[in-house]
Amino acid sequence: MSKSTLLDVIAAGSTGQICMTEIFTTEAPRKIAGEKMTTWQHAIMSRGADVGLATIVASGNSALHVTSHEQSSLTTNGHASGQSPHSTKHRALDRSAAERKEAIVKLSGNLQKSTSLFRKQTTEADKVTRASYEVSRLLARRMKPFTDGDFIKECIMVVIDSLVLKAFCFESVSLSLRTVCRRIEEMSDSVNDSLKTCCSNFDAFSLALDESTDMKDTAQLVIFIRGVTAALQVYEEFLQLVPLHGTTTGQDIFDAVLQCVKQHSLDLSRLVCVTTDSAPAMTGKKGAASLLVRHCEAARHTQPIHKVHCIIHQESLCSKSANLTDVMSVVVKVVNSILSRSLNHRQFQALTDEGNAHYGDLLYFCEVRWLSHGAMLSHVCDLQQEIATFLRQKNLPGADHFSNPQWLARLALLTDITTHLNDLNVKLQGKNILVTDMYSHITAFEVKLRLWEAQLAAGQFMHFPRIAACAPDDVDLNTCVGVVTSLREEFASRFTGVRPLALGFKLFTSPFDFPVDETPTPLQTELVELQCNDELKAKYRTASPLSFFRDLVLPSNKFPNYIEHVKCIVAMFGSTYCCEQLFSKMKYTKSRIRSQLSDRHLNDILLLSTSSIDPDIESLLHGKQHQPSH
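Residue numbers (UniProt numbering): 1 to 630.
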């Protein structure tokens, strides 16, 4: 029986009554017009008059009793007296056959909508799970990291959100090789244009220079700029990655820097500092920094330009003076003997697992990464018992050292000193760190060294926990004091580029405590006015130096010379940390599998991944002919 025939039968009605007990207890199924229907469905079709607007719609073998106004129990008074629920409770709903048919169609449609909602939710959940499996399969086939799944999801969500949740439009997004390449070039040009505009607003700026080689042994010069606007807003941006395909002398680097300065329309009369590492091509009389300073002098730029040697690099050089060579050489040999052989490595890991050691493995030593020293020594010191046991079992060299208490005490000294140096190194790292903060960390560490020197001479090990854990007879105090003394002297002999600036730093960080008679003449009267301003003095205690001058001193327009001094200090680079960070990105981008990446595209990728300036995509979209992917 077709759907229309069923509705006609129910709408036509009859005078008979439907026994609900008969309907719901009869179990024999019956097929009608190719549909599997139970006896109670057939009963409704054959007697349906007294059902009124009560419609029972079947889906498979299940039934839903839907009423237009209320749902009645099978034990109602109307049914108990032999009357149908319709005749007792729905007398006002008597309608013609056409009205009944229309009402049934409406109720049936509502029921179908409600059931389709649940069916749709189930289908969507299945699709989501299926998509998760498919993406996971692609990641496995392409041998990509599992964490790339989140990145792919982020990309898809951004695209779908931009298309106002029209997921079917995703297929028309053009992501071919040439298109992506062209998009990156256009966005890089957009960022460069914005960067030029930003640089034109700098009242003072400094440059950070560093050079390294990429995967193809091409020398790459990285240039960063740190500038300050008239409103004391500080910007630290990647300027350019310049390939040097020939020699890398100081003159070559200077020429590359000068070309970059011209491309970005920088005014060298506002240059206040050049920060480099200790490479001969950067420092010295013929280094790029010196050549740039002389170029500014020849152009009659009168502002002082400071040449700063990277503070982090100098701290790493100082750390080498604390290196107990005899101890370090043994440690490196032992670690390499364990890690360089696969069998030894697996057996050592099993040994640490059995003993529930604090660390489950050792770390390789890396000379060029200072932080690896402390991590490696900490692992060795904490696993010294497991190492001694393993060396004896395998009959490897170094077992006698790890069984010698005096040698282990020297290892503890080296580990404690290196831990302190690591803590200092971490404080010096980071983006947008003021040179004044970096210098204060250095001076504070020098004070600590003098304190530790006196305490170790007196046999006090409060700040050296690993030495304190050793037996007193095993610790050589003269060795401990000697290591700290040599480290203190090494620190005192370095940082010559920033020590002459200490007074200028203090004028910025402690203006209310600075003696007026030691202040440069152009700033003396303004400093007196500042120190006598009780309102500013009270607010200075709750603000950082930069926010104090930017938000409180600058708006008053009473200290123009002092503000110019602050701009020069804030604009200075204290280290080339940003350059080292970019080199890490460069090596990851131009890797072995992407070694043919061009210099232009390498620079574009690094610019987009490093710069805090967003490309003006709206301008790029304007006037462009949009063509979907085919």
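Just so it is clear, CB atoms sit at the ideal spot from N, CA and C, and this is done for glycine as well.
- Non-local C-beta neighbours of Val-191 in its own chain, meaning closer than 8 angstroms and more than five positions away in sequence, comprise Leu-607, Leu-608, Ser-611, Ile-613, Asp-614 and Pro-615, ordered along the chain.
- Per DSSP, Asp-210 is one residue of the beta strand (DSSP E) stretching across 202-213.
- The shortest C-alpha to C-alpha distance from Thr-576 to any of Glu-236, Val-516, Thr-479 and Thr-443 is the one to Glu-236.
- DSSP places Tyr-235 in no alpha helix (DSSP H) but in the uninterrupted beta strand (DSSP E) bounded by 234-244.
- Taking C-beta atoms as the reference points, Val-222 and Asp-203 fail to come closer than 8 angstroms.
- Residue range 148-162 is occupied by the alpha helix (DSSP H) that includes Gly-149.
- Going by C-alpha positions, Leu-428 is about 25 angstroms away from Thr-213.
- Taking all protein chains shown into account, Gly-430 has fewer than 16 neighbouring C-beta atoms within 10 Å of its C-beta and is therefore exposed.
- Under the 8 angstroms Cβ criterion, the segment 321-333 does not count as touching the segment 439-459, having fewer than three qualifying pairs.
- Cβ atoms of Val-308 and Phe-573 come within 8 angstroms of each other, at about 7 angstroms.
- Judged by DSSP secondary structure, Ile-223 falls within the beta strand (DSSP E) whose first and last residues are 219-229.
- With respect to Ala-538, Val-228 sits apart: the two C-beta atoms are not nearer than 8 angstroms.
- About 15 angstroms separates the beta carbons of Ala-288 and Gly-246, which is beyond the 8 angstroms limit, so they are not a contact pair.
- The Cβ atoms of Val-553 and Leu-527 lie no closer than 8 angstroms to each other.
- Rounded to whole angstroms, Ser-265 and Val-498 show a C-alpha spacing of 28 angstroms.
- If you draw a straight line from the Cα of Pro-522 to the Cα of Thr-302, it comes to about 16 angstroms.
- The beta carbon of Phe-348 sits closer than 7 angstroms to those of Ile-338 and Phe-390, all from its chain and outside the five residues before and after it, given in chain order.
- Annotated as proximal: Ser-321 and Glu-490, with beta-carbon spacing under 8 angstroms.
- Per DSSP, the continuous alpha helix (DSSP H) segment holding His-420 begins and ends at 405-428.
- Residue range 577-589 is occupied by the alpha helix (DSSP H) that includes Cys-578.
- The Cβ atoms of Ala-457 and Leu-477 sit closer than 8 angstroms to each other.
- Between Val-274 and Leu-292, the C-beta gap is smaller than 8 angstroms, which places the two residues in contact.
- Contact check for Gln-314 against Phe-495 passes: the beta carbons are separated by less than 8 angstroms.
- With fewer than 16 other Cβ atoms inside 10 Å of its own Cβ, His-622 counts as exposed.
- Counting only the Cα atoms, Val-180 lies some 39 angstroms from Val-272.
- Bridge pairing for Thr-275: Ala-208 and Val-308 [DSSP].
- The C-alpha of His-420 is placed about 32 angstroms away from the C-alpha of Val-566.
- Per DSSP, the continuous alpha helix (DSSP H) segment holding Met-328 begins and ends at 325-339.
- Per DSSP, the unbroken alpha helix (DSSP H) holding Lys-506 starts and ends at 502-509.
- In the DSSP assignment, Tyr-359 falls outside any alpha helix (DSSP H) and carries neither an H nor an E.
- Inter-residue distance for Glu-134 and Ile-152 is about 12 angstroms (C-alpha atoms, whole angstroms).
- Below 8 angstroms, too few C-beta pairs join the segment 394-409 and the segment 433-441 to call them touching: fewer than three.
- The C-alpha of Ala-412 is placed about 11 angstroms away from the C-alpha of Asp-474.
- Taking a contact as a CB-CB distance under 8 angstroms, the pair Glu-529 and Lys-558 counts as one, their CB atoms being some 7 angstroms apart.
- CA-CA distance, Asn-336 to Leu-195, rounds to 48 angstroms.
- Contact annotation, Thr-418 with His-373: C-beta distance approximately 5 angstroms; criterion of less than 8 angstroms satisfied.
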